[in-house]
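Asks:
Next up, the structure:
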């Protein structure tokens with residue numbers, strides 16, 4: 011069973027191109043939003059892109075909040 015980790019959310023002001031600043035580009039080199047950082051990995055592992063993020067979250071989703079657990083149903087979500 012995966013260990014639950016606390017979530018921390020950050021907002022980015024796209025009107026000032028905050029996502030293009032150096033601190034964000036170290037996390038997401040293409041400067042795109044959204045991004046998930048897994049701090050349980052060493053070094054921390056960034057997951058970028060909506061589908062990749064969903065697939066990543068599904069690995070830890072015991073109650074299927076983020077989607078189904080079988081591949082046929084999952085293909086309709088993605």
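Numbering (this note's numbering), first residue to last: 11 to 88.
No residue lacks a Cβ here, since even glycine has one placed at the ideal position from N, Cα and C.
How about residue 68 and residue 55: do their beta carbons lie closer than 8 Å?
Replies: For residue 68 and residue 55, no; Cβs fall outside 8 Å.
Asks: Are there 16 or more other CB atoms within 10 angstroms of the CB of residue 38, so buried, or fewer, so exposed?
Replies: Flag for residue 38 reads buried.
Asks: Where do the N-terminal and C-terminal ends of the alpha helix (DSSP H) with residue 32 fall, by residue?
Replies: Taken as a continuous stretch (DSSP letters only), the alpha helix (DSSP H) holding residue 32 covers 32–35.
Asks: Residue 61: which of 87, 25 and 20 sits nearest, CA to CA?
Replies: Checked all of 87, 25 and 20; the closest Cα to residue 61 is 87.
Asks: What are the start and end residues of the beta strand (DSSP E) that includes residue 56?
Replies: Where residue 56 is concerned, the enclosing beta strand (DSSP E) stretches over 55–58.
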